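Residue numbers (our numbering), protein chains in the order written: chain A, 1 to 359; chain B, 1001 to 1264. Worksheet: one structure, shown below.
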């Protein structure tokens, strides 16, 4: 479970593709720190002895404070070397940061909701878990996360990844597990009484076991299907057309929307991603689509965060957009070739929206 | 004949120049104020240290048998608040800076001796506020007061703790002001900037940070107090706010604060 040194737990296992990189950077930082700490400690003692007062009344030797000659060279050397080392740390760290903040386009999507004091996980195919995350090995996994109350943080030490989970918005974290096994989940942002007890387990399985686990799942239908029933329940279909291409002109057509660029009233464009969907449901007057009126009511207080994620999954299933493969089988990825379209364009080019996705 | 040798008069120094408690509590002597700070900072250090001992005892066993969860959360929060705001930030500037800067620049005292004393009293007032919070059960938000936990979910005395730190911030600001004016205007003739000791330079930089940065955390904590009391909605998404805004505002001071701690 842990990399042990003489029986003592030293480092967690490295179980993701990024883990070894993080450990390498960490080792570099520790070595640099150790080197300079020892050097400075040695110099303190050495100079304290060398320049001690040997007799009372002795004056310190004259120091050249003018800053030229050998003194200047010394000052330059001990400025440039640490500058170079810091720049190496910066570039190395930034490169790992960029890797960690850019999930691959075909990552498998899983939704996480954190609340005091538990983790609720929803798979796209429908199964839900609490404080457990079952995932297949050797697949890119992207977690889209939100909180129901305070700030949490989803931390898997074995993957060396963590990301804050915020209320009111979606944050993401991605990893690619490399080793089958069980790994700890911790909450890494103080969130109240049972913060230290907000733990869980990641179960990394081979693809077949994962398919079997999914198939034995909740029986409630996939997240998109649950989202569809919620969509109907809340009456969204009264305005937003439920038939492809039947646009009554009152509300934007949600078919083919997800992942495209949307023109906003008063100028500007946004990408129709998870956050945009969520914001439009809770604060419909914040980003009104160009060409439409401010008539959508808010659903704040009527939908839980988990319900919100189901609606997002349903709307995602209606569209081209940046679809993600479901976990059940490693499907071939269809990249969407449709250009971003405005609602007006979609009204006049109905055939362009009928892109069923096998994702 | 042996006569008694003439009594050696002890030279007058800042310790024996005046006697009595009032002469200490109403002093304007920078060395005496430095000692007043030394004593109060040390008291807070031991208080914060006591909380650290509780943390260590609690974590010594896997089950945490000493304190229940809520109490432990309050313990590490109070440890952080006391250590950061009442020990680390004031200690070296207020103790060593007050004592040594006039000596090092060749001045008789700091530029504003009465403001120097006021700084100490403001520090004590902030400290008393925080002690009041402590005796009434403490605050459990962590010393970083992240929202929305601190604005909407915590059951501790967040407003009082925030106000205690707010008051304490003015002590920092006035001390920084004093140092900057002293270093600019009261250097002995011939003591140019590049002849100043490194200690004075580092306190000059520290004072800049104190003056520019402390108002930001003061305002941030004040916004937190308003949020918690009036639910205005700066930081809580339930009211349309952004919790990350609090983080940005808080750390805009708190990163420079560690330079206040380390430069001197």
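Virtual Cβ for every residue (Gly too), placed ideally from N, Cα, C. These numbers come from a predicted model, not from an experiment.
Coarse secondary structure for residue i, derived from DSSP in three states
| i | result |
| --- | --- |
| residue 361/A | Residue 361/A is absent from the structure shown; chain A starts at 1 and stops at 359. |
| residue 353/A | With a pLDDT of only 40 at residue 353/A, under the threshold of 50, the placement of this residue in the model should not be trusted; the figure read from the coordinates follows. In this structure, residue 353/A counts as helix in the three-state DSSP scheme. |
| residue 202/A | strand |
| residue 1005/B | coil |
| residue 1207/B | helix |
| residue 174/A | strand |
| residue 222/A | coil |
| residue 1259/B | helix |
| residue 338/A | With a pLDDT of 39 at residue 338/A, under the threshold of 50, the modelled position of that residue is not reliable, and the figure given next carries that caveat. If DSSP states are grouped into helix, strand and coil, residue 338/A belongs with coil. |
| residue 332/A | At residue 332/A the pLDDT is 37, less than 50, meaning the model places this residue with poor confidence; the figure from the coordinates comes in the next sentence. Residue 332/A: coil per DSSP, three-state reduction. |
| residue 183/A | strand |
| residue 10/A | strand |
| residue 1154/B | coil |
| residue 1172/B | helix |
| residue 358/A | With a pLDDT of only 35 at residue 358/A, under 50, the local geometry of the prediction cannot be trusted, and the value read off the model is given with reservation. Of the three classes helix, strand and coil, the one that applies to residue 358/A here is coil, per DSSP. |
| residue 16/A | strand |
| residue 236/A | helix |
| residue 1167/B | helix |
| residue 343/A | Bear in mind that a pLDDT of 41 at residue 343/A, under 50, signals an unreliable position, so the number given afterwards is only what the model happens to contain. Correct three-state label for residue 343/A: helix. |
| residue 1183/B | helix |
| residue 194/A | coil |
| residue 55/A | coil |
| residue 1217/B | helix |
| residue 1231/B | coil |
| residue 1178/B | helix |
| residue 1130/B | helix |
| residue 1136/B | coil |
CB contact flag (residue i, residue j, <9 Å)
| i | j | result |
| --- | --- | --- |
| residue 231/A | residue 185/A | no |
| residue 278/A | residue 170/A | yes |
| residue 1034/B | residue 1125/B | no |
| residue 1042/B | residue 1111/B | no |
| residue 178/A | residue 15/A | yes |
| residue 12/A | residue 203/A | no |
| residue 1253/B | residue 1225/B | no |
| residue 1115/B | residue 1177/B | yes |
| residue 122/A | residue 300/A | no |
| residue 192/A | residue 1154/B | yes |
| residue 205/A | residue 125/A | no |
| residue 259/A | residue 167/A | no |
| residue 1030/B | residue 1148/B | no |
| residue 214/A | residue 127/A | yes |
| residue 1133/B | residue 1156/B | yes |
| residue 1099/B | residue 1044/B | no |
| residue 1121/B | residue 1090/B | no |
| residue 1186/B | residue 1107/B | yes |
| residue 1146/B | residue 189/A | yes |
| residue 314/A | residue 226/A | yes |
Residues that residue i contacts on chain B, provided the C-beta gap is smaller than 7 Å
| i | result |
| --- | --- |
| residue 149/A | 1153 |
| residue 12/A | Within 7 Å Cβ-Cβ: nothing; residue 12/A doesn't reach chain B, min ~18 Å. |
| residue 168/A | 1237 |
Contact list for residue i against chain A, beta-carbon separation under 9 Å
| i | result |
| --- | --- |
| residue 1069/B | 192, 193, 194, 195, 196 and 197 |
| residue 1051/B | Those do not exist, as residue 1051/B stays about 16 Å from chain A at its closest Cβ, beyond 9 Å. |
| residue 1142/B | 190 |
Contact list for residue i against chain B, beta-carbon separation under 9 Å
| i | result |
| --- | --- |
| residue 200/A | Result: empty, since nearest Cβ-Cβ is about 18 Å, beyond 9 Å. |
Interface partners of residue i on chain B, CB under 8 Å
| i | result |
| --- | --- |
| residue 93/A | Those do not exist, as residue 93/A stays about 17 Å from chain B at its closest Cβ, beyond 8 Å. |
Interface partners of residue i on chain A, CB under 7 Å
| i | result |
| --- | --- |
| residue 957/B | Nothing can be reported for residue 957/B: it is not among the residues displayed for chain B, which extend from 1001 to 1264. |
| residue 1148/B | 150 and 167 |
| residue 1287/B | Because residue 1287/B is not part of the residues shown, which for chain B are 1001 to 1264, the question remains open. |
Interface partners of residue i on chain A, CB under 8 Å
| i | result |
| --- | --- |
| residue 1244/B | 166 |
| residue 1106/B | Ordered by position in chain A, no residue passes the 8 Å Cβ test against residue 1106/B, which lies about 18 Å from the chain. |
| residue 1190/B | Simply none; closest approach about 15 Å. |
heavy atom of the ligand FAD below 8 Å from residue i C-beta
| i | result |
| --- | --- |
| residue 286/A | Inclusion of the ligand FAD in the displayed structure is not the case, the ligand content being empty and no account of it being possible. |
Worksheet item: Mind pulling the beta strand (DSSP E) runs of 3 or more residues that sit fully within the stretch 88 to 171 of chain A?
Response: Segments of the beta strand (DSSP E) lying fully in the stretch 88 to 171 of chain A: 108 to 115, 118 to 123, 128 to 130, 132 to 136, 141 to 147, 152 to 156 and 161 to 165.
Worksheet item: Just checking, does the stretch 1234 to 1250 of chain B make contact with the stretch 1191 to 1201 of chain B on the three C-beta pairs under 8 Å criterion?
Response: no
Discussion item. What ranges does the alpha helix (DSSP H) occupy inside the stretch 248 to 328 of chain A, keeping only unbroken runs of at least 4 residues that lie completely in it?
Written reply: Counting whole runs of 4 or more residues, the stretch 248 to 328 of chain A contains the alpha helix (DSSP H) stretches 274 to 282 and 305 to 318.
Discussion item. List, from N- to C-terminal side, the alpha helix (DSSP H) runs of 4 residues or more that fit wholly inside the stretch 1009 to 1089 of chain B.
Written reply: 1021 to 1025, 1030 to 1059 and 1069 to 1083
Worksheet item: Between the stretch 110 to 120 of chain A and the stretch 300 to 310 of chain A, do three or more beta carbon pairs fall short of 8 Å?
Response: yes
Discussion item. Taking contact to mean 3 or more Cβ pairs, one atom from each stretch, closer than 8 Å, check whether the stretch 134 to 151 of chain A and the stretch 205 to 215 of chain A are in contact.
Written reply: yes
Practice prompt. Determine contact between the stretch 1162 to 1181 of chain B and the stretch 1205 to 1216 of chain B, defined as no fewer than three beta-carbon pairs at a distance below 8 Å.
Written response: yes
Fill in: Meets three-Cβ-pair contact criterion under 8 Å: the stretch 266 to 285 of chain A and the stretch 86 to 101 of chain A
no
Worksheet item: So does the stretch 1135 to 1145 of chain B actually touch the stretch 1056 to 1075 of chain B, counting three or more Cβ pairs closer than 8 Å?
Response: yes
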